[in-house]
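Presented below is the structure to which this report refers.
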Amino acid sequence: MGFIWSLIVGGVLGAIAGMILGKDVPGGIIGNIIVGFIGSWIGSSLLGNWGPIIGGFAILPALIGAVILIFIFSLIVGRRKG
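Spelled out as structure tokens, the structure:
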């Protein structure tokens, strides 16, 4: 059950990060989950684990990490298209 909860929280974090930046995460819900997981790792590495922890994710650092990841990804994809 913990794994399923982590998938749900990762997906929600990825979706919220995409809404904050106004960018769509490629891959739909799977992309949101991946961005949530990787963003959590980035945020925890840069900021540590502080704030509320839900589903194994420190929510605030994970959300900041997901926003950073989507921003960097959009810069890379934007340069490739243009």
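If you read the sequence shown in the numbering used here, its first letter stands for residue 1, the second for the next number, and so on. Here a beta-carbon is modelled for each residue, glycine too, at the ideal position from N, C-alpha and C. On a predicted model such as this, the values are computed, not experimentally measured, just so you know.
The secondary-structure analysis by DSSP pairs Phe57 across a beta bridge with Ile54. Per the coordinates, the alpha-carbon of Ile70 lies some 14 Å from the alpha-carbon of Trp41. For Ile64 and Gly10, the gap between their C-alpha atoms comes out near 13 Å. Beta-carbon to beta-carbon, Val67 and Ala17 are separated by about 5 Å, close enough to satisfy the 8 Å threshold. For Gly36, the uninterrupted alpha helix (DSSP H) run begins and ends at Gly28 to Leu47, by DSSP.
For Pro61, the CB contacts under 6 Å within the same chain, skipping 5 residues up- and downstream, are Gly43, Ser44 and Leu47 in chain order.
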